[in-house]
Amino acid sequence: MRFRLSEFCALTIGYIFLIPGATCFKPGVNPVKRYIITSRGSNVTLVCLGSSVNPLDSLPEWKLNGRKIKNSARVRAIEQWFPDARGNFSLHITNVSEKDVGIYTCAVSVATFEKTVAAEGFIKLKLYSSLRWPRGTYALPMAVTGCPKLRRIIWSEGYLRQNTEDTSPLNNWSRPMHLKGLKKNNEITQHFCVKNKRAGHRDWPKGKYCIYKKGKCPIGFSEGWIKWDDEDTKNSNLASGERPDGTYREDTLLYFCCRSDGSADTPIELPMRLPFFLLKHASKCQAVMGMRVIEEWLFWDCEDKENKNRWSGELPESLLAKDIKLFFCYYFQM
Ligand SMILES: *[C@@H]1O[C@H](CO)[C@@H](O)[C@H](O)[C@H]1NC(C)=O
Ligand SMILES: *[C@@H]1O[C@H](CO)[C@@H](O)[C@H](O)[C@H]1NC(C)=O
Ligand SMILES: *[C@@H]1O[C@H](CO)[C@@H](O)[C@H](O)[C@H]1NC(C)=O
Ligand SMILES: *[C@@H]1O[C@H](CO)[C@@H](O)[C@H](O)[C@H]1NC(C)=O
Numbered sequence: 001m002r003f004r005l006s007e008f009c010a011l012t013i014g015y016i017f018l019i020p021g022a023t024c025f026k027p028g029v030n031p032v033k034r035y036i037i038t039s040r041g042s043n044v045t046l047v048c049l050g051s052s053v054n055p056l057d058s059l060p061e062w063k064l065n066g067r068k069i070k071n072s073a074r075v076r077a078i079e080q081w082f083p084d085a086r087g088n089f090s091l092h093i094t095n096v097s098e099k100d101v102g103i104y105t106c107a108v109s110v111a112t113f114e115k116t117v118a119a120e121g122f123i124k125l126k127l128y129s130s131l132r133w134p135r136g137t138y139a140l141p142m143a144v145t146g147c148p149k150l151r152r153i154i155w156s157e158g159y160l161r162q163n164t165e166d167t168s169p170l171n172n173w174s175r176p177m178h179l180k181g182l183k184k185n186n187e188i189t190q191h192f193c194v195k196n197k198r199a200g201h202r203d204w205p206k207g208k209y210c211i212y213k214k215g216k217c218p219i220g221f222s223e224g225w226i227k228w229d230d231e232d233t234k235n236s237n238l239a240s241g242e243r244p245d246g247t248y249r250e251d252t253l254l255y256f257c258c259r260s261d262g263s264a265d266t267p268i269e270l271p272m273r274l275p276f277f278l279l280k281h282a283s284k285c286q287a288v289m290g291m292r293v294i295e296e297w298l299f300w301d302c303e304d305k306e307n308k309n310r311w312s313g314e315l316p317e318s319l320l321a322k323d324i325k326l327f328f329c330y331y332f333q334m
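So for the sequence shown, full-length UniProt numbering puts the first residue at 1; every next one is plus one.
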């Protein structure tokens, strides 16, 4: 004999009357945060909120990578029950280490006569140090805070100063501006973080975003380029150090690597200890786990006479004509 949930409710109706707010509905659990990235030695609390649960017949349980967690001095589950059949199931972990990393399941089950009705939620816990910059050679726009260094320093630095139209100069940029480099109405300086070594944690994740090309575009990216017609008269362009692939003379040509094989709304995982930039490739900035993002832009007032701006291939979000506007995404921690 099998009971469906509704039958179970009917059979236990007297019981339910004893528990104000209890319902016959399937229990639910909802993780408050699905991704938690923390540092070694820190304390974290994972929280799942339960619905249609009650202390008498609902059994909350935590698992790590599928294995049941037992309470210890370091890892402790705490349950709070509220009226209207809600519950707060939290797991406190102190002195987090590698062995705590993984996928946590908060489960709540309600035992009926024949079967158990259960609900599960998942929370991913990571350590900062378990994240490194993805494999391949490439360059990123440098933020005012510098390159997003991890313990192992992997970035080489360089910069580019473009002397744009000197007659009625109209360069412009968004404010606040987190891209490093002096900006004036006839001059724009950009700094770059260049990764010259191929080694990395894994390949860049699927999504909609661009980076600068340095060597071969990493797996999953397509190439494109933009040529800026900089000032023709007494041009004072200057480039130094490690830079993206391109040509750096009286005009500037830069290569990009762009991809659009995923949704910009699906957060990708990147090292999040320090602020960094990606280039925008869709109507929205790519979402990055645990980071807030703001859109920023640069506008180059290019040479007015016989303008030779050119572009080709897959490119960042931009306005390309006789002047050039490029959109960037600035990421910083919440
Ligand atoms: C973590 O919690 C323990 C015990 O509650 C406390 O002694 C310790 O200072 C906390 N550590 C941090 C980094 O907050
Ligand atoms: C759930 O409990 C945790 C502590 O165990 C607390 O930090 C959190 O604010 C609670 N959330 C709600 C919505 O009650
Ligand atoms: C935290 O855990 C590490 C091992 O992962 C241990 O060496 C250290 O003593 C612990 N610290 C505290 C305050 O318990
Ligand atoms: C620069 O951009 C801002 C914001 O879009 C705009 O309000 C301002 O008029 C622009 N300045 C020039 C000189 O175009």
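Built from N, CA and C at the ideal position, the CB exists for glycine as well.
Just so we're clear, the structure is a prediction, and the values are computed from it rather than from any experiment.
- At least 8 Å separates the beta-carbon of PRO218 from that of ARG132.
- SER97 sits exposed, since fewer than 16 C-beta atoms from the chains shown fall within 10 Å of its C-beta.
- Relative to the Cα of ARG310, the nearest Cα in the group ASP301, GLU242, LYS322 belongs to LYS322.
- Going by DSSP, LYS234 is part of no beta strand (DSSP E) at all; its letter is neither H nor E.
- One thing to note: THR247 has its Cβ no nearer than 8 Å to the Cβ of GLN162.
- For a cut-off of 8 Å, the C-beta gap from ARG198 to GLY136 is around 6 Å, short enough to register as a contact.
- The bridge partners DSSP lists for GLY121 are CYS106.
- Pairing TRP81 with VAL47, the inter-Cα distance amounts to about 13 Å.
- Listed as beta-bridge partners of ALA143 by DSSP are GLY146, LEU179.
- When only Cα atoms are considered, LYS26 and GLU120 end up about 11 Å apart.
- Bounds of the beta strand (DSSP E) holding LEU49 are 44-51.
- ASP245 sits buried, since 16 or more C-beta atoms from the chains shown fall within 10 Å of its C-beta.
- Per DSSP, the beta bridge partners of VAL75 are ILE93.
- In the DSSP annotation of this structure, the continuous segment of the beta strand (DSSP E) that includes ASN30 starts and ends at 28-31.
- Residue pairing by DSSP puts SER240 in a beta bridge opposite TYR159.
- ILE123 and ILE36 do touch by the CB rule: their CB atoms are close to 6 Å apart, below 8 Å.
- For GLU61, the secondary structure class from DSSP, reduced to helix, strand or coil, is strand.
- In this structure, ligand 2 has no non-hydrogen atom nearer than 7 Å to the beta-carbon of ILE69.
- With respect to the 8 Å criterion, GLY200 and GLN190 are not classified as neighbours on the basis of their beta carbons.
- If you compare the alpha carbons of GLY146, SER174, LYS126, TYR331 with that of ASN185, the shortest gap goes to SER174.
- For GLU242, the closest of ASP57, ASN196, TRP297 by C-alpha to C-alpha distance is ASN196.
- Counting only residues of its own chain and dropping the five nearest sequence neighbours on each side, ASP301 has a CB closer than 7 Å to the CB of THR164, GLU165, PRO169, LEU170, ASN171, ASP323.
- In this structure, DSSP gives LYS99 a helical state, which the three-state scheme calls helix.
- CYS258 is the residue among PRO267, PRO55, CYS258 whose C-alpha sits nearest the C-alpha of LYS213.
- With a cutoff of 7 Å, THR45 does not count as near ligand 1, since its C-beta is closer than that to no heavy atom of the ligand.
- Counting other Cβ atoms within 10 Å of its Cβ, PRO55 stays below 16 and is therefore classed as exposed.
- For GLU295, the uninterrupted beta strand (DSSP E) run begins and ends at 291-300, by DSSP.
- In this structure, the beta-carbon distance from CYS329 to PHE277 falls below 8 Å.
- Per the CB criterion, closer than 6 Å to any heavy atom of ligand 4, the qualifying residues run in chain order as LEU170, ASN172.
- Across the structure, PRO31 and LYS63 are spaced so that their CA atoms are roughly 13 Å apart.
- Ligand 3 has a heavy atom closer than 7 Å to the beta-carbon of GLY41.
- The beta carbon of THR38 sits closer than 8 Å to those of VAL44, VAL96, LEU125, LYS126, LEU127, TYR128, all from its chain and outside the five residues before and after it, given in chain order.
- By the Cβ-count criterion, ASP100 is buried, with 16 or more other Cβ atoms from all chains shown falling within 10 Å of its own Cβ.
- In this structure MET291 touches GLN333 by the C-beta definition: roughly 6 Å separates them, less than 8 Å.
- Taking the Cβ of SER72 as the reference point, every heavy atom of ligand 3 lies at 7 Å or farther away.
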